[in-house]
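**Student:** Each residue of the first sequence is one higher than the last, beginning at 860 in the numbering used here.
Note that beta-carbon positions come from the ideal geometry of N, C-alpha and C, so glycine has one too.
Source: prediction; values computed, not measured.
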Amino acid sequence: MDKAYNFEEVENKLYRFWESEGFFKPEINPNGKPFSIVLPPPNVTGTLHMGHALMLVIEDVLVRYHRMKGYKTLWLPGTDHAAIATHAKVEAELWNTHKQNRFDLGREVFVRMVEEFAQNSHDTIANQIRHMGASVDWTREAYTLDEERNHAVRVAFKKMFDEGLIYRGAKIVNWDPRMQTTVSDDEVEWKEKESEFYYLQYGPFVIGTARPETKFGDKYVVMHPKDKRYTKYIHGDKIELEWINGKITATIIKDDSIDMEFGTGVMTITPWHDRLDFDIAEKHGLDKEQIIDFNGKLLPIAGEFKGLHIKKARPLIVEKLKAKNLLVKVDQKYIHNIATNSRGGEIIEPQVKEQWFISVTKEFPMGHSELKGIKKGEMVTLKQLMMHVVQSEQITFTPNNFIKTYYRWIENLRDWCISRQIWYGHRIPVWYKGTQVYCDIVPPKEEGWKQDPDTLDTWFSSGIWTFSSMGWPNETKDLKEFHPTSVLETGYDILFFWVARMILMTTYLRGEIPFKKVLLNGLVRDAQKQKMSKSKGNIINPLDYAKVYGTDALRIALIFSTAAGNDIALSEDRVRGMKYFSNKLWNIARFVSMHEVVDEIDAKSLDELIDHIGGEQKLQAADRQIIDILKKTASSVSENIESFRLHEATQTLYQFVWHDFADKYIEQIKKSFEGAEKPTENTYPQYQIAKLILIDTLKLLHPFMPYITEEIYLKIPGHGQSIMISAWPNAYK
RNA sequence: GGGCUUAUAGCUCAGCUGGUUAGAGCGUUGCAUUGACAUUGCAAAGGUCAGAGGUUCGAGUCCUCUUAGGCCCACCA
């Protein structure tokens, strides 16, 4: 063996070897029980980050372990078109380089541009996945926006449309005036901001607002029915008052959603541009008027301010209010939260707009059901399905405290707005002709139908990923064999976005769960526990570490020190330490292979060897001891992997390899042969014991450090075809 | 406002269902060693397990409260 382990050379060589031999395919264990994971498809928005690396490692450990245990193991790879994220990225770049937006290019040209970008990202990402050593079955790769998946999306949409779960409605949505699209509640990011807070004279009342530019249409004044200050006003009373652009008639509304403690306890409402106001208006059947257009400019209702952008209009409006003596006072340092689009950063302007929604509270008769406790024909809602499968423990969570978070999210869940006005994504399979609406998988044959211009929220297609990636709606062989999947492993930050949506879509569309176990990993932070972000400049490309210390070192460093679900502070020291560990392992192998086996027996396993020498009692004390520790290590590693305590498994292995095997056992062997020219086996095969212990150790380490273990394994005389497909060492007597 | 979560050696963290002298990596100190490995070995220093109370034969581990962080959700006109 070479003096040093050359990981660069080995990694490329071995990955190609594994892949070309078909070891990543489930068919390598044709008769095993199925074990399946779908890779959370990375967004094609650029390159993979450390979080992806962690995800790949955890999943690869589970997959390699099960494969060695003889399971028919499928790890299905793919990438996600990520609709808005990819679209935003390309449009931003277009603006930076050419000062153009998508409307300047037109739909077709722009989409082609995004597609090209997506393809490049895909290629980079696929390469990175390979570098990490991920044993995914590339022959089954899928994309959330390829033709097959598009078909699946249409089928899913149509079914939900036909059953009335997808509906079109004018509701208040989060509108991004710059990107010209709606975004879902989950995509809204709230940012704290300090601004002025104005108190305005509204007839006999004083009302407070941070947004005077929305107040033109305010003709309802709302107070709490129990507020003693306002008992003389009765619900429905009309009062005349002077307002920004002249006299108006206001109507008194009593509603208990008003906070009596806040300000004067009185407010006016702007139903078109505020969710709470919208709800109050809906409740009492009040008028709603649009004040701001979809570009953020004031409409004719604003009178002289018409056509002005709200940012420019505000100071002018305040000035006018002041001149009219309607401005009572201004608080300067009012801190409130403003809604921004997490995909672009623009301030969200709530708007009432016709959009497509999935109803989570509408009752429908359950279709085909393999869910425990829910029968076909039973009336259910999507919310109930989502709750049920977790409450009944058909799906379990690790760490399980996330269950509570999950429940709370569902309890507060509103109908899911699934339409977007961006261009990159699955086009909504609905066509219009006059007032007619047509929904189908294929366009209507007659002329004159126009397709809905909107695209679907990216999470719609990711929601069906566990089965669309296996060929649904066709009942494929894979689907029958591998669905529901065994484990869904992903970051806890997309619990709502993705995990919950998959549960929703899968229980509804297939009447089964998407996965049996959910394993959530934490965020990878830098050594100072800072979130990695571009603006902080502390992003580490996983491959940078892999290049310096080897992929194996990076892999085991990522899982060595942190329990599932906790955030990881990844330090370079840790990765370097793990490189030293690879070196240790390499040198153990060198030592063991230095000595030719000259004994009459060349045993294939420790059991065989022990039998040969006449039973365990014939072993020397040191040998018996190390074999004993190995057995304990093996069973604890298996146990820890199965219960997702991967860090425990690696710590146990580290301890065993370095401190038990190398420091104690091998040092002891060296001593026992001290002075000898060249150690020989004689009658007691101690080097064979060491070799066999090494082989089992390599196997136990293989899921974590696939490359170096394989490289050593292949160098040991009498090895098998590959450690990847060798049997997991759990069968000691 | 609601929920989750963290506080263990100088630093970063393990410690699963409560059970003998609390562990690892890095760092620190001393010694050794150059035929597997200096990316080494042997040894050492270093912790009132945030604080208070409780349950228990026994608590870092369970319960209550306090203090100080972190995260998520809701969103205040």
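Pairing CB atoms from the stretch 1267-1287 with CB atoms from the stretch 1214-1221, are three or more of them under 8 Å?
**Tutor:** Touching, yes, given that three or more Cβ pairs across the two stretches are closer than 8 Å.
**Student:** Touch check for the stretch 1552-1560 and the stretch 1569-1581: three-plus C-beta pairs under 8 Å?
**Tutor:** As far as the Cβ criterion goes, the stretch 1552-1560 touches the stretch 1569-1581, which means the pair count is three or higher.
**Student:** Taking the alpha-carbon of K1156 as reference, which of K1113, V1125, Q1210 and I1111 has the nearest alpha-carbon?
**Tutor:** The candidate whose alpha carbon is nearest that of K1156 is Q1210.
**Student:** Would you kindly check if the distance between the Cβ of A1172 and the Cβ of E1072 is under 8 Å?
**Tutor:** Against a cut-off of 8 Å, the Cβ pair of A1172 and E1072 comes out as a contact.
**Student:** What separation, rounded to the nearest whole angstrom, lies between the Cα atoms of Y874 and I1353?
**Tutor:** Answer to the nearest angstrom: the Cα atoms are 30 Å apart.
**Student:** To test your reading of the DSSP string, which unbroken alpha helix (DSSP H) runs of 4 or more residues are found completely within the stretch 934-958?
**Tutor:** The qualifying runs are 942-957.
**Student:** What is the rounded straight-line gap between the Cα of A912 and the Cα of Y1079?
**Tutor:** Each residue's Cα considered, the two are about 54 Å apart.
**Student:** Please state whether DSSP places H1094 in a helix, a strand or coil.
**Tutor:** It is coil, neither helix nor strand.
**Student:** Measuring only the C-alpha atoms, how far is I1103 from H946?
**Tutor:** Roughly 40 Å between the two C-alpha positions.
**Student:** What residues match up with K931 in a beta bridge as DSSP calls it?
**Tutor:** K931 pairs with P893.
**Student:** Does the stretch 886-904 come close enough to the stretch 860-870 to have 3 or more Cβ pairs within less than 8 Å?
**Tutor:** No, because fewer than three Cβ pairs between the stretch 886-904 and the stretch 860-870 fall closer than 8 Å, the two stretches do not touch.
**Student:** By the DSSP assignment, the alpha helix (DSSP H) with T1510 in it spans what residues?
**Tutor:** For clarity, residue 1510 is Gln in the given sequence; the question names Thr instead. L1505 to Y1513 is the extent of the alpha helix (DSSP H) around Q1510.
**Student:** Grab me the residues of G1474's own chain with a C-beta within less than 6 Å of its C-beta, minus the 5 sequence neighbours each way, in chain order.
**Tutor:** None.
**Student:** Quick one: is V1301 buried, meaning 16 or more other Cβ sit within 10 Å of its Cβ, or exposed?
**Tutor:** Per the 10 Å Cβ criterion, exposed.
**Student:** Please confirm if the stretch 1123-1132 is in contact with the stretch 1057-1072, defined as three or more CB-CB distances below 8 Å between the two stretches.
**Tutor:** Enough Cβ pairs lie closer than 8 Å, so yes.
**Student:** Which class does D1522 belong to by DSSP, given the choice of helix, strand or coil?
**Tutor:** Helix.
**Student:** Per DSSP, what kind of secondary structure is R1273 in: helix, strand or coil?
**Tutor:** Coil.
**Student:** Below 8 Å between beta carbons: does that hold for L1059 and L1175?
**Tutor:** Contact flag unset, no.
**Student:** Buried or exposed for V1377, going by 16 or more other Cβ atoms inside 10 Å?
**Tutor:** Buried.
**Student:** Go ahead and pull the three-state DSSP assignment for A912.
**Tutor:** If DSSP states are grouped into helix, strand and coil, A912 belongs with the helices.
**Student:** To the nearest angstrom, how far is the alpha carbon of G1028 from that of S1043?
**Tutor:** Approximately 15 Å, taken between the alpha carbons.
**Student:** Contact check, E1055 vs Q1191 under 8 Å by CB: the rounded distance?
**Tutor:** Confirmed, Cβ separation roughly 6 Å.
**Student:** Nearest to R1202 by CA position, among A951, T938 and Q987, is which residue?
**Tutor:** When each option's Cα is compared against that of R1202, the closest is A951.
**Student:** By DSSP, does T1264 sit in helix, in strand, or in coil?
**Tutor:** Three-state DSSP puts T1264 in a helix.
**Student:** Is the beta carbon of D1329 sitting closer than 8 Å to the one on F1319?
**Tutor:** Reading the sequence as shown, one finds Met at residue 1329 and not Asp. In this structure, F1319 does not lie closer than 8 Å to M1329 by Cβ.
**Student:** Entirely within the stretch 1206-1258 and at least 3 residues each: give me those beta strand (DSSP E) ranges in chain order.
**Tutor:** The stretch 1206-1258 contains these whole beta strand (DSSP E) runs: 1208-1217 and 1255-1257.
**Student:** Cutting at 8 Å between CB atoms, please list the residues of its own chain near W954, excluding the five before and the five after it.
**Tutor:** Cβ neighbours of W954 beyond the five flanking positions: N960.
**Student:** For I1427, list the residues DSSP reports as bridge partners.
**Tutor:** Answer is V1383, bridged to I1427.
**Student:** Kindly give me the distance between the Cβ atoms of E1348 and I984, rounded to whole angstroms, as I take these residues to be in contact under 8 Å.
**Tutor:** Not a contact, Cβ separation roughly 17 Å.
**Student:** So, for I1427: in the same chain, excluding its five sequence neighbours on each side, which residues have a beta-carbon less than 6 Å away from its beta-carbon?
**Tutor:** Once the five neighbours on either side are set aside, the close Cβ partners of I1427 are G1381, V1383 and T1421.
**Student:** Under 8 Å by Cβ, that's how I've got L1478 and I1469 pegged, so tell me the actual separation to the nearest angstrom.
**Tutor:** Contact flag correct, Cβ pair sits at about 7 Å.
**Student:** Compare the Cα-Cα distances from L1085 to each of E1120, D1077 and F1164 and report the closest residue.
**Tutor:** As written in the sequence, residue 1085 is Lys, which differs from the Leu given in the question. Checked all of E1120, D1077 and F1164; the closest Cα to K1085 is E1120.
**Student:** Quick one: residues in its chain with C-beta nearer than 7 Å to the C-beta of V1014, no 5 flanking neighbours on either side, listed in chain order?
**Tutor:** Excluding positions up to five away in sequence, the list reads I1300 and P1332.
**Student:** Assuming W1290 and P1303 are in contact, meaning their beta carbons sit under 8 Å apart, how far apart are those beta carbons, in whole angstroms?
**Tutor:** Indeed they touch by this definition, with Cβ atoms about 6 Å apart.
**Student:** Excluding five sequence neighbours on each side, which residues of the same chain lie with their C-beta closer than 7 Å to the C-beta of D1115?
**Tutor:** Within the same chain, D1115 has close Cβ partners H1083 and P1084.
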